[in-house]
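Written below as structure tokens is the structure these notes are about.
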Amino acid sequence: MKHNITIAIDGYSSSGKSTMARELAKKIGYVYIDSGAMYRAVTLAALRNGLISADGKIDTHGLIALLPEISITFSTPDPVSGSSHTLLNGENVESEIRGMEVSEHVSAVSAIPEVRRRLTAMQQALGDSKGIVMDGRDIGTTVFPEAEMKVFVDASPEVRAKRRYAELKAKGDDISYAEVEANIRKRDETDINRKESPLRKAPDAHILNNDTLSRTEQMEWLTGLFHQITSGMQ
Ligand code: DC
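What follows is the structure, encoded as structure tokens:
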């Protein structure tokens, strides 16, 4: 019998959690939602509307007023890779939301309580019928505190920065390793210290340390946990 449960995967930026969450969803036939992409899309909308100044100051009132105009959806996943594109008001912004400009401002945007409230409600609606894998920072603590399977992905800042640097270089971004590592450390700090829904491991989350695991080992660990949890269900 197929059990539809909710799977929450949280962790630090560039810990590899999105890749593993997407692969897990594809393997078990679940929907995958990248909640970070939603915060990135809101940040891009703010930048495009001139609501973030060159020194990084956010026009919070302007952004709150813009929120009802922002629609975030995802394209149908590719059947082979399981990847989908993030759509901001219907436009494919997948590549733009992964660039450094959005990365630099997304933590500050995601610290705004109204932004979190709106995206949390959208995420809860997406997970309404279960059968979902969602990754982010507060999925197991705030978005789906009742999730049957919670995973917290840990990896050192150096390993994460190397991974992110390789990704950006492969995309052709002109960036130094030092800039990438500084951005990761800054985002960790903002994510951990923000008042609303800070990055925290849920008490009932299983920790996966991703410093040395291969993709195959990650998948074995995740599917093993999934089967262990669902096999105990009626
Ligand atoms: O996973 P990511 O690096 O794409 O996330 C981008 C930013 O969005 C990250 O700096 C923190 C924020 N975020 C959040 O606050 N809550 C989430 N559930 C997901 C992401």
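In terms of our numbering, the sequence shown is residues 375 to 608.
Glycine included, each C-beta is placed from N, C-alpha and C at the ideal position.
Source: prediction; values computed, not measured.
Distance CB(residue i)-CB(residue j) smaller than 9 Å
| i | j | result |
| --- | --- | --- |
| Gly456 | Tyr406 | yes |
| Ile444 | Leu425 | no |
| Ile381 | Ala579 | no |
| Ala529 | Asn583 | yes |
| Ala576 | Pro519 | yes |
| Val489 | Ile558 | no |
| Thr393 | Arg574 | no |
| Thr597 | Lys401 | yes |
| Arg545 | Arg472 | According to the sequence as given, residue 545 is Lys; it is not Arg. Against a cut-off of 9 Å, the Cβ pair of Arg472 and Lys545 comes out as a contact. |
| Leu421 | Arg492 | no |
| Ser503 | Asn423 | no |
Cut-off 6 Å between Cβ atoms - residues of its own chain near residue i, not counting five sequence neighbours on either side
| i | result |
| --- | --- |
| Lys391 | Ile383, Gly385, Asp509 and Val527 |
| Arg537 | Ser388 |
| Gly436 | Leu425 |
| Gln592 | Met394 |
7 Å Cβ shell around residue i - same chain, five flanking residues per side excluded
| i | result |
| --- | --- |
| Ala395 | Ile383, Tyr406, Val507 and Asp509 |
| Ser477 | Asn557 |
| Leu418 | Leu462, Val467, Glu470, Ile471 and Val476 |
Distance, residue j Cα to residue i Cα
| i | j | result |
| --- | --- | --- |
| Ala411 | Thr460 | 7 Å |
| Gly505 | Glu532 | 34 Å |
| Ile603 | Met523 | 7 Å |
| Glu470 | His479 | 13 Å |
| Val454 | Ala399 | 12 Å |
| Val525 | Tyr404 | 16 Å |
| Asn466 | Ser449 | 8 Å |
| Lys569 | Ala485 | 7 Å |
| Val554 | Gly606 | 43 Å |
| Ala552 | Asp562 | 15 Å |
| Thr434 | Ser427 | 11 Å |
| Phe600 | Glu397 | 13 Å |
| Asp429 | Arg534 | 26 Å |
| Ser409 | Ala415 | 10 Å |
| Lys431 | Asp547 | 24 Å |
Helix, strand or coil at residue i [DSSP, three-state]
| i | result |
| --- | --- |
| Tyr406 | strand |
| Lys524 | strand |
| Thr586 | coil |
| His459 | coil |
| Val467 | coil |
| Met474 | helix |
| Met607 | coil |
| His377 | coil |
| Gly598 | helix |
| Ile486 | coil |
8 Å CB neighbourhood of residue i in its chain, flanking five on each side removed
| i | result |
| --- | --- |
| Ile549 | Met474, Tyr539, Leu542 and Lys543 |
| Ser571 | Arg490, Thr494, Arg511, Asp512, Thr515 and Thr516 |
| Met496 | Met412 and Ile446 |
| Gly501 | Thr380, Ile407, Met508, Val517 and Phe518 |
| Trp595 | Leu582 and Leu587 |
| Asp452 | Ser458 |
Residue i: CB within 8 Å of a non-hydrogen atom of ligand 2
| i | result |
| --- | --- |
| Ala439 | Looking at this structure, you won't find ligand 2 anywhere; what it does contain is ligand 1. |
**OP:** Write down every uninterrupted run of the alpha helix (DSSP H) in the region 527-573 whose length is 4 residues or greater and which is fully enclosed by it, in chain order.
**Re:** Runs of alpha helix (DSSP H) with 4 or more residues, each lying fully within the region 527-573, are found at 531-544 and 551-567, listed in chain order.
Original post:
Which full runs of the alpha helix (DSSP H) of 4+ residues lie inside the region 412-458, going along the chain?
Top reply: Counting only runs of at least 4 residues, the region 412-458 fully encloses the following alpha helix (DSSP H) elements, listed from N- to C-terminal order: 434-440.
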